[in-house]
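Numbered by full-length UniProt numbering, the letters in the sequence shown go through residues 1 to 427 in order. The beta carbon of each residue, even a glycine, is placed where N, CA and C say it ideally should be.
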Amino acid sequence: MSSDDPKNHIIKAAQVGFIHKLFQSQFDVVVENVTTIPRCNNNFIHFVTFASPIASDLVISGKPGAIAIPAGTAKVVCRIGNPAAMFNHAVKVENTVAMMQLTRQALSGLDIVPRVFAWSETGEPSGTGWILEEYMPGVDIDAEFFTDVPREAQRFVLSQMVTILKAVQDFELPPKASGFGGLAFDDSGAVTSGPFAVEPYNGPYPDMESMYKGMLQAQLVEADRSRVAQGWKEDELRDRLDAFAERGLEDILTRSLPEHVRSNLIIGDVVIANLLFDPCTYKVTALVDYDCSHTGHPLHEFFFSSFPVNYYVVSAEREVAAALFDQFPSPLPESKSALGTELRDCSPPQWEIMFMFEEELDKVGAARPSSIQGAKQITEIYEFMSEICPFHFVMDRWVEKQSGEKLQTCRNEQREILEKALARWGF
Numbered sequence: 001m002s003s004d005d006p007k008n009h010i011i012k013a014a015q016v017g018f019i020h021k022l023f024q025s026q027f028d029v030v031v032e033n034v035t036t037i038p039r040c041n042n043n044f045i046h047f048v049t050f051a052s053p054i055a056s057d058l059v060i061s062g063k064p065g066a067i068a069i070p071a072g073t074a075k076v077v078c079r080i081g082n083p084a085a086m087f088n089h090a091v092k093v094e095n096t097v098a099m100m101q102l103t104r105q106a107l108s109g110l111d112i113v114p115r116v117f118a119w120s121e122t123g124e125p126s127g128t129g130w131i132l133e134e135y136m137p138g139v140d141i142d143a144e145f146f147t148d149v150p151r152e153a154q155r156f157v158l159s160q161m162v163t164i165l166k167a168v169q170d171f172e173l174p175p176k177a178s179g180f181g182g183l184a185f186d187d188s189g190a191v192t193s194g195p196f197a198v199e200p201y202n203g204p205y206p207d208m209e210s211m212y213k214g215m216l217q218a219q220l221v222e223a224d225r226s227r228v229a230q231g232w233k234e235d236e237l238r239d240r241l242d243a244f245a246e247r248g249l250e251d252i253l254t255r256s257l258p259e260h261v262r263s264n265l266i267i268g269d270v271v272i273a274n275l276l277f278d279p280c281t282y283k284v285t286a287l288v289d290y291d292c293s294h295t296g297h298p299l300h301e302f303f304f305s306s307f308p309v310n311y312y313v314v315s316a317e318r319e320v321a322a323a324l325f326d327q328f329p330s331p332l333p334e335s336k337s338a339l340g341t342e343l344r345d346c347s348p349p350q351w352e353i354m355f356m357f358e359e360e361l362d363k364v365g366a367a368r369p370s371s372i373q374g375a376k377q378i379t380e381i382y383e384f385m386s387e388i389c390p391f392h393f394v395m396d397r398w399v400e401k402q403s404g405e406k407l408q409t410c411r412n413e414q415r416e417i418l419e420k421a422l423a424r425w426g427f
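Following this line, the structure appears as structure tokens:
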């Protein structure tokens, strides 16, 4: 949903009204101003300024994962889920709060995870839940990182990202939360395994094999309900998919994975745009996005997070994939300039930055694609499952904008991708 969409302005206005009402009627706090950031991908984000700082610690929620608003607080952040985002909104907020709690423990020496003051799974104002959290200092340097930040400062930024990654990789999940999937709270307030927040997956799963079997079945269910994929029931493709689900997946995972895979915290969107920095020193002051967080194989962080641009293994260009899975070339290929000031995952590879990140990962011994057993095979499986029903195949607003001819072309192209992958695995 574009920030310029008129419907967006109506939604934001209603949310601002909700925030004023929430604080004044339930918490007896006068709100002076609510500022909403224009971007609204997964959440509407509102900065809430009080008429005067909180006089004493204020308990506004007894829910697990929430603490009192400290005395002296003058500003907080309210995140309200965007109904258009493709999440299981019934569990998204709880998963996020639980993930923030464990990530805060994993990064205890850094103090960069916002503290949560209150949260609601559903209900007003959009039915998608909300989180009231600490306002963190710092600035977004995404727009200037690749063009205006000095090289040594770039390396310092990347080294801090590596410190974050290594800490969550080393963190041992509590026994109740050691499954694969999402996180939740039990009746005692302890963090436990829960369902995925990212659609269409569910869980939790006891191990990696069960997780991937569940993900594959979820994708087949999505294909069944897609007007584009139509269950892939033509030309025996569905029979081949079902045969792979029954026999092929387990065989590949058995050959590719170590005997035991320990579940990891996966933050799910570690990019420069989701970090805040001290503008003078480039020290990280906050890590602010946990929407795609889950627990899974350590390689998953490289499925969901692109770190510096193109350090991302899913659907990577051949040259990039060879560098990430095997070894960076020497000399490095020339980096091409991207259009605009901000680089994105679709931008040309920035080889010097990628290699700098690789060096920092190597320094601390962090798990990365080239060091993870079976990384290529796991990535191929994940990519294949994602291709069974691309997310836009079940997005009504996308489907309705396409002509019948365009939909058939997309269907044919997708079928060819699936058939080639199945043939490569002997199905």
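query: Option nearest ALA273 by Cα separation, candidates VAL168, PHE146, ARG238, SER386; result: PHE146
query: Contact check, VAL34 vs ALA51, beta carbons under 8 Å; result: no
query: Test item: CB-CB of THR379 and VAL288 under 8 Å; result: no
query: Distance, GLY404 Cα to LEU165 Cα; result: 45 Å
query: Where CYS78 falls: helix, strand or coil (DSSP); result: strand
query: Buried versus exposed call for CYS280 [16 or more other C-beta atoms within 10 Å across all chains shown]; result: exposed
query: Buried or exposed (CB count within 10 angstroms, at least 16 for buried), GLY72; result: exposed
query: Sheet register partners of ILE19 (DSSP bridge); result: Its beta-bridge partners do not exist; DSSP assigns none.
query: Sequence-distant residues of the same chain with beta carbon closer than 6 Å to LEU299, five excluded per side; result: ILE372, ALA375, ILE378
query: For TRP130, the residue or residues it bridges with in DSSP; result: ILE80, SER120
query: GLN24 burial status per 10 Å Cβ neighbour count (16 or more: buried); result: exposed
query: C-beta contact flag for CYS410 and VAL221 at 8 Å; result: no
query: Which residues DSSP lists as bridging GLY181, in chain order; result: THR295
query: Rounded distance between the beta-carbons of THR295 and PHE180, thought under 8 Å; result: 6 Å
query: Buried or exposed (CB count within 10 angstroms, at least 16 for buried), VAL261; result: buried
query: Cβ of LEU237 within 8 Å of any chain D Cβ; result: The structure shown contains no chain D; it holds only a single protein chain.
query: Nearest-angstrom Cβ-Cβ length linking PHE27 and VAL76, presumed shorter than 8 Å; result: In fact, because the Cβ distance is near 11 Å, the residues do not count as touching under 8 Å.
query: Option nearest ASP140 by Cα separation, candidates ALA423, ARG424, ASP278, PHE384; result: ASP278
query: Three-way DSSP call (helix, strand, coil) for ASN274 in this model; result: helix
query: Bridge partner(s) assigned by DSSP for ALA286; result: LEU276
query: 8 Å Cβ shell around HIS20 - same chain, five flanking residues per side excluded; result: VAL31, VAL34
query: Pairwise C-alpha distance: SER347 and THR341; result: Confidence is the limiting factor: at THR341 the pLDDT is only 47, short of 50, which leaves the residue's position unreliable, though a coordinate-based value still follows. Approximately 11 Å, taken between the alpha carbons.
query: C-alpha gap between SER325 and VAL191, whole angstroms; result: At residue 325 the sequence reads Phe, which differs from the Ser that was named. Looking at the two C-alpha atoms, the distance is approximately 34 Å.
query: Residue interval of the beta strand (DSSP E) (run including HIS46); result: 43 to 50
query: CA nearest to the CA of HIS392, picked from ALA85, GLU121, GLU134, GLY81; result: ALA85
query: Proximity to MET99 [Cα-Cα], best of ARG115, ASN310, LEU110; result: ARG115
query: Beta bridge counterpart(s) of PHE87 as assigned by DSSP; result: VAL198
query: Residues near PHE156 by beta carbon distance below 6 Å, same chain, minus five either side; result: TYR282
query: Where the alpha helix (DSSP H) through VAL221 begins and ends; result: 208 to 225
query: Cut-off 6 Å between Cβ atoms - residues of its own chain near ARG79, not counting five sequence neighbours on either side; result: ASN43, ILE45, ILE131
query: CA nearest to the CA of ALA243, picked from ALA13, THR49, TRP425, GLU301; result: TRP425
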